[in-house]
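Worksheet: one structure, shown below.
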Ligand code: HEM
């Protein structure tokens, strides 16, 4: 009897345990299922918001949004949700998180913001733009078509031709800036000529229409780089109507120049059999004889203008480099020592420095990257094209994503003495090395299409200026470099260019 009871009890205990176990397993599976469905994701922290403007007030009062991002990061962590007007947004900091957005999950974050301003600037359709359109087969095609021109590979004809163009233009620049203090008007034409020659096989000397065109481009570049509350509060747009109309007029003048001086009669005369000689002809050929893709002449012209407009980024960037160097005589000296060593021909003679010298000049290349780091210009915002996540935080489709490039460029955890100008931080065992966590050109499928041009043209111009001149300050000039954007007003820093004592063989 006792044995029977014991057996019954044991059986009961056994079945109870099995039931509990089954329940636990079922529940655990249910939790796992739920986590898979929802991704086990948390909602990102979000500060208290105000009616109508949401969190816009949190970005106000700072010269650059990055400063606000830093404050938010300290309070809420690496990922913070913001409602800016009616736009659901997210600020993402930390290099792993930024890489996750740009690269690992880049295909989920490949759209761009839908600002009314972009629509107005690109003839009623932001898809006309190269940098602000959403991802599509057509955009991929546009990128592929541009690649061979904007990323010329060493030892190819394209590279050699670009090397000659840069050398000729740099020589011309050097002869112009001797005795002047305002370099920007000369530099902007020089760099624009590199672009028009390389992409369009055209150069312009003492041409008023060209001078006017580069000034218009520079103004557009400056304006497009400013932040507008109206991007998030469209009802404010009417206050910008005059301003936007002014930019549209400038853009129309650029278009007029492009058609008259760059395209000329090539649209009509290029035949289906002709091998395209430059980017312009590739575009014309695609519009006239290409198949499948809806690629209008208007789209092609916008693509061309976006690329040629890249000269503004490089010009303003180079002026900022000089503004750093004017305060860093030792850095200038080291660049000059590097140039002199690489270009020495013997017998107290030197040859002109060229872009193929770049690999032998890690300090000069490091200087370019150190300036890019310190400027910490914004990464063009991305937008999620589907529900997704970053670092376990839920991100809804159509969320606008700001990537905190300032944190990436200036973090104490990633850089030694980040506020000091130290090109040597990019040199490892005598070679230039870019750390993996440094992403000034973004990355993934929407990464910058012009970074090679920045490296090559930036290097070519800087090395040539430094070969001939030492750059000294002009009295009472403030050389504080604005960070967060590449743009500068047209009327900007002056410098004294002091000729070095060196017999250069030209
Ligand atoms: C120092 C100068 C420059 C910097 C720091 C810079 C940086 C950037 C960044 C951060 C992006 C966004 C990348 C992303 O979303 O992942 C971008 C996009 C882009 N950049 Fe640059 N850029 C520079 C110069 C140029 C130049 C000279 C050109 C033209 C040749 C150019 C053409 C483009 C284009 C076309 C895009 C859009 C690519 C796309 O959305 O598919 N950039 N750039």
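Numbering (the working numbering), first residue to last: 597 to 1102.
Positions of the beta carbon are idealized from the N, C-alpha and C atoms, including for glycine.
Note that the structure is a prediction, hence the values are computed from the model and not measured.
- Can you have a look at residue 750 and say buried or exposed, based on whether 16 or more other CB atoms are within 10 angstroms of its CB? exposed
- Please work out which residues of its chain come closer than 7 Å, Cβ to Cβ, to residue 988, disregarding the five sequence neighbours upstream and downstream, and give them in chain order. Correct list, in chain order: 637, 638.
- Query: For residue 962, which three-state DSSP category applies?
  - Reply: helix
- Consult DSSP for residue 989 and reduce its assignment to one of helix, strand or coil. Reduced to three states, the DSSP call for residue 989 is strand.
- Going by Cα to Cα distance, which pick from 708, 727, 681 is closest to residue 905? 727
- Query: For residue 791, which three-state DSSP category applies?
  - Reply: helix
- DSSP three-state assignment for residue 731, whether helix, strand or coil: coil
- Message: Rounded to the nearest angstrom, what separates residue 1035 and residue 1009 at their Cα positions?
- Response: Their Cα atoms are separated by approximately 15 Å.
- Whose C-alpha, out of 786, 963, 864, is nearest the C-alpha of residue 801? 786
- Query: Unbroken beta strand (DSSP E) runs of length 3 or more, entirely within the region 1034-1097: which are they?
  - Reply: 1065-1069, 1091-1095
- Task: Assign residue 627 to one of two classes, buried (16 or more other C-beta atoms within 10 Å of its C-beta) or exposed (fewer than that).
- Result: Its pLDDT being 36, under 50, residue 627 is placed unreliably by the model, and the measurement read from it follows with that caveat. Under this definition residue 627 is an exposed residue.
- Proximity to residue 841 [Cα-Cα], best of 962, 1023, 716: Nearest C-alpha to residue 841: 716.
- Query: Is any heavy atom in the ligand PLP found nearer than 7 Å to the beta carbon of residue 978?
  - Reply: The model on display carries the ligand HEM but not the ligand PLP.
- Query: In or out: residue 885 buried (at least 16 other Cβ within 10 Å) or exposed?
  - Reply: exposed
- Roughly how many whole angstroms lie between the Cα atoms of residue 707 and residue 925? Straight-line Cα distance between these residues: approximately 43 Å.
- Simplified DSSP assignment, three categories, for residue 685: strand
- Query: Count the other CB atoms within 10 Å of the CB of residue 855; is the residue buried (16 or more) or exposed (fewer)?
  - Reply: exposed
- Query: Mind checking whether the beta-carbon of residue 1006 lies closer than 7 Å to any heavy atom of the ligand HEM?
  - Reply: Using a cutoff of 7 Å, the CB of residue 1006 does not count as near the ligand HEM, since none of the ligand's heavy atoms is closer than that.
- Where residue 971 falls: helix, strand or coil (DSSP): helix
- Task: Buried or exposed for residue 1071, please, with buried defined as at least 16 other CB atoms from any protein chain shown within 10 angstroms of its CB.
- Result: With a 10 Å radius around the Cβ and a threshold of 16 neighbouring Cβ atoms, residue 1071 comes out exposed.
- Query: By how many angstroms is the C-alpha of residue 819 removed from the C-alpha of residue 811?
  - Reply: 12 Å
- Query: So the beta strand (DSSP E) residue 997 belongs to, where does it begin and stop?
  - Reply: 996-999
- Could you please give me the residues that DSSP links to residue 680 through a beta bridge? 650, 683
- Can you find a heavy atom of the ligand HEM that lies under 7 Å from the Cβ of residue 695? no
- Message: Can you list, in chain order, the residues of its chain with a C-beta nearer than 8 Å to that of residue 976? Leave out the 5 residues immediately preceding and following it.
- Response: Here the set comprises 708, 727, 728, 1038, 1042.
- Verify the contact flag: residue 984, CB atom, against every heavy atom of the ligand HEM, threshold strictly below 7 Å. no
- Task: With DSSP as the reference, label residue 893 as helix, strand or coil.
- Result: Helix, per DSSP.
- residue 1015 (DSSP reduced to helix, strand or coil): coil
- Leaving out five residues on either side along the sequence, give the residues of the same chain with a beta carbon under 7 Å from the beta carbon of residue 622. Below a pLDDT of 50, predicted positions are generally treated as unreliable, and residue 622, at 42, falls in that range; the measurement from the model is reported next regardless. Correct list: empty, nothing qualifies.
- For residue 940, which three-state DSSP category applies? strand
- Taking all protein chains shown into account, decide if residue 996 is buried (16 or more other Cβ within 10 angstroms of its Cβ) or exposed. buried
- How many angstroms separate the CA atom of residue 1096 from the CA atom of residue 1060? 12 Å
- Task: Please report the Cβ distance between residue 652 and residue 903, rounded to the nearest whole angstrom; I am assuming they are in contact, meaning their Cβ atoms lie under 8 Å.
- Result: Incorrect: roughly 33 Å between the Cβ atoms, too far for contact.
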